[in-house]
Every structure is written in structure tokens, then in C-alpha cells.
Ligand SMILES: [Zn+2]
Ligand SMILES: [Zn+2]
Ligand SMILES: [Zn+2]
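In my numbering, the protein residues as written are 970 to 1138.
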């Protein structure tokens, strides 16, 4: 990928959804973290326009090019619906099921992989929210194949049900 401003080749390029399209902001925390680096990490902006930011990390000189795209939840939902309606086969060897689109970040419009619910853990995706969760302790050690936030959600729901039951008696 080449920086559109200085024409220099950049090793890493990213696309980040941002509400205000200000550098170093992101709608999705993880997406922002990958592209911009951790909060408060010293960086130097090399080039900048309305759409792109080309910067380097002060501590190792690594350069990132980030394209800031408008955050458009409706467009994302339409794209996700399209993929749901036009599925590709599960990527697991020998599986004959159709896959479900799985995303690196929940707001991505392009699937990162296609897996049925049975095989989605091998791809590193939570079967419930379809987002990439490999490398997180909650997911890697889970017996349910759920990411941390889906596990929490499920536990919350179960304890709510429990409270309702108890109120009955
Ligand atoms: Zn540049
Ligand atoms: Zn499968
Ligand atoms: Zn999940």
C-alpha cells in the first residue's frame, strides 16, 4: 500500500470507521487499537488529509497508513444482510454445511472467514456474535465457544431469568 500523499510504500495499512474522521479516533475500540496503537502512545503524523493519516510510532519508527471511513451503521447492516443471504461454504475441510460470515470486527463489511457454528471456533470466531476472539483468554479457554462479552451477556440473562423465577414464589 502506498501513501496517496507522499507516495511512500507503507508496510501496514488500515481502514478505521470514525464518526468525526479525526485522526486517532475510532468507533470500534479494537479496530482503533490495531490501526492507531494504544492510547497515549507517542506518534508523529507524517502526512494527513481528509481521508488518510500516515504516521509513525516514535518508539520503533513503524509507519501506519490509516484510511478513515465514515461510520455508517445502516450501510454495515445492509452489507451483513447481503452476506447472510449469499453464504459461502464452511471453510472446515470436508464440512458440507454453509458457512456464516465471520468478521474481524463487528463493524467490518467484508467477512474474514466463513464457518458453520460447529467449526467456527477453529477459525477463531465466537459463534454467537461472529467476531474474531482468538487470543483472548475468555474465548481460548471457553468450553462454550463464546467470546467474553457473549459469555457475560448469557450469564446476565440467566441471572435475570433466575430473579424472575424467584419473584414468582
Ligand atoms: Zn505519506
Ligand atoms: Zn463446518
Ligand atoms: Zn461473541
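Backbone N, C-alpha and C define an ideal beta-carbon position, used for all residues, glycine too.
The alpha carbon of residue 984 has as its nearest neighbour, out of 991, 976, 971, 1001, the alpha carbon of 1001.
DSSP places residue 1044 outside any beta strand (DSSP E); the residue lies instead in the alpha helix (DSSP H), whose first and last residues are 1042-1054. Only residues of its own chain outside the window of five on either side were considered, and among them 1066, 1067, 1068, 1083, 1084, 1085, 1088 have a CB closer than 7 Å to the CB of residue 1059, listed in chain order. According to the DSSP secondary-structure assignment, residue 1025 is paired through a beta bridge with 1013, 1032. By alpha-carbon distance to residue 1030, the top candidate from 1011, 1048, 1046 is 1011.
By alpha-carbon distance to residue 1076, the top candidate from 980, 975, 995 is 995. With a threshold of 16 other beta carbon atoms within 10 Å, residue 1013 falls short and is exposed.
Secondary structure of residue 1075 (DSSP, three-state): coil.
Cβ-Cβ separation between residue 1074 and residue 1100: approximately 6 Å, consistent with a contact (criterion under 8 Å).
If you check the C-beta of residue 1097 against ligand 1, you find no heavy atom less than 7 Å away.
A residue is listed when its beta-carbon falls short of 5 Å from at least one non-hydrogen atom of ligand 2; in chain order these are 1059, 1061, 1064, 1066, 1085, 1088. For residue 1005, the enclosing alpha helix (DSSP H) has its first and last residue at 998-1005.
Contact between residue 1102 and residue 1108 holds, since their C-beta atoms are separated by about 4 Å, short of 8 Å.
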